[in-house]
Amino acid sequence: MRTGKRLNRSLVLPLAAVMLALAGCSALPGGSSGEDSAATATTSPESAVAPEATAGATPSAAGESDSAQAAGEEQQPSPLPKGLTQKDVDAGVLSAKVKWKASGRLQTVKGQAKAPGKKGEVMKVRIQVEKGLKIDREKFADFVLATLNDKRSWTEKGKRRFARTDDASAAFTTVVLASPQTSADLCRPLQTMGKLSCRNGDRVVLTNYRWVKAIPEYQKNRQGYRQYVVNHEVGHALGHGHEYCAGKGELAPLMMQQTKGLLGCKPNPWPHP
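Numbers -23 to -1, 1 to 250, taken from mature numbering (1 follows the signal peptide of the UniProt record, and there is no 0), label the letters of the sequence shown in order.
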């Protein structure tokens, strides 16, 4: 009896193997069935490279396609806020809309930034932004310091260079970006109406109204207007007074009140263009 059972088993196993082989051959001509099955099976990286996959199947195709699509999506830059350019965003602007009033509380941008180079007096600037403004504070701070350290600005060919500090006692001035209402309050007794910036005491006060919108003469170069207003108001902190347009077609002096109109002069954001 034992011998008979062994013989039966020896016959059954090879027969089953032959039937499986025939069944596998019948699936190959159409092709799509194998790919669909393989795609369904690729639920993990391990199954995608399983050695038992048939030659006609592409078990990793679905996974590779998904990965490529995901990689493409990751590489695409984030869409810019409506009405803004990349240069606006680089200056910290996050919205083209301006709230007239925010919280009234000023937040100091934390941290230090060393002055570039080794030559010249180091002048430290503190940066504050009113809480509630749609502004990237770090980018705003970086923009201010990059403007001041530009060779066309107040560095005066190595006479001075600018660093950032969060220590009020170490700063020669504090640059504040505030809502129109708060900027008007901080600029008093000057009458800025929330649309003009100012230097008042140890503060340079920039209105967010102009930081976002600039003026008509700078509409094609809002970045230039921002550089102008930083340089102009810090120029007051350095002791410079107002200047006037020398004549039609001439570059406007930096210390001209360009926000009030150029009077025939050309826009100019720099003391040493």
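Even glycine gets a Cβ: it sits at the ideal position worked out from N, Cα and C.
Quantities reported herein were computed from a predicted structural model and do not represent experimental measurements.
Could you pull the start and end residues of the beta strand (DSSP E) that L183 belongs to?
-> 180 to 184
Return the residue from the list E227, L231, E107 that minimises the CA-CA distance to R203.
-> L231
Using CA coordinates, which residue listed in L83, I192, T150, T184 is at the minimum distance from T169?
-> T184
Quick one: Cα of M100 to Cα of T151, how far?
-> When rounded, the distance between both Cα atoms is 11 Å.
Can you find at least 3 beta carbon pairs, one from the region 88 to 104 and one from the region 70 to 78, that sit closer than 8 Å?
-> no
Does DSSP put E23 in a helix, in a strand, or in coil?
-> Confidence is the limiting factor: at E23 the pLDDT is only 31, short of 50, which leaves the residue's position unreliable and the question unanswerable from this model.
What is the rounded straight-line gap between the Cα of K64 and the Cα of N198?
-> Answer to the nearest angstrom: the Cα atoms are 9 Å apart.
Tell me whether the beta-carbon of K78 lies closer than 8 Å to the beta-carbon of S160.
-> Taking 8 Å as the cut-off, the Cβ atoms of K78 and S160 do not count as close.
Report the three-state DSSP secondary structure of K78 (helix, strand or coil).
-> coil
Grouping DSSP H, G and I as helix and E and B as strand, with all else coil, what is T151?
-> strand
Can you find at least 3 beta carbon pairs, one from the region 239 to 250 and one from the region 129 to 138, that sit closer than 8 Å?
-> yes
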